[in-house]
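Please read the structure below before turning to the comments.
Residue numbers (the numbering used here): 52 to 159.
Given below as structure tokens:
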């Protein structure tokens, strides 16, 4: 009698395959990738392209919120004119955005 119960309980307590235990972890990694990591990488790439394309005369917004016009650009720095006669030297990567032509004018 004990043999029958032991055989029945052994068949019922069979564990699922090991790869099934990894499915929730793989699912969470995929969710993080598509909802957080991938969009951030896309934004970073777009920002790097904007910074690489800076040229004299572009109107920009710094990450500190200052609006000005680019007067000089080199590999690392951009000179930004904030007002008439007021120029600051900014690291290019601190330029937050480029204002498209036809946007509100700075330094008028």
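For each residue, glycine too, the CB sits at the ideal point set by N, CA and C.
Please read all numbers here as calculations on a predicted model, not as lab measurements.
Given a threshold of 16 other Cβ atoms within 10 Å of its Cβ, counted over all protein chains shown, does residue i qualify as buried or as exposed?
| i | result |
| --- | --- |
| residue 87 | exposed |
| residue 71 | exposed |
| residue 120 | buried |
State the Cα-Cα distance for the pair residue i and residue j, rounded to the nearest angstrom.
| i | j | result |
| --- | --- | --- |
| residue 132 | residue 108 | 10 Å |
| residue 153 | residue 104 | 18 Å |
| residue 89 | residue 82 | 10 Å |
| residue 148 | residue 97 | 10 Å |
| residue 129 | residue 145 | 10 Å |
Taking DSSP's pairing of strands, which residues face residue i in a bridge?
| i | result |
| --- | --- |
| residue 148 | 112 |
Using DSSP with H/G/I as helix, E/B as strand and the rest coil, what is residue i?
| i | result |
| --- | --- |
| residue 105 | coil |
| residue 97 | helix |
| residue 133 | strand |
| residue 69 | helix |
With a threshold of 7 Å (Cβ to nearest heavy atom), would residue i be considered close to the ligand MN?
| i | result |
| --- | --- |
| residue 106 | As for the ligand MN, it is missing from this structure, which has no ligand bound. |
### Message
Does the contact criterion of 3 or more C-beta pairs under 8 Å hold for the segment 75-82 versus the segment 106-122?
### Response
no
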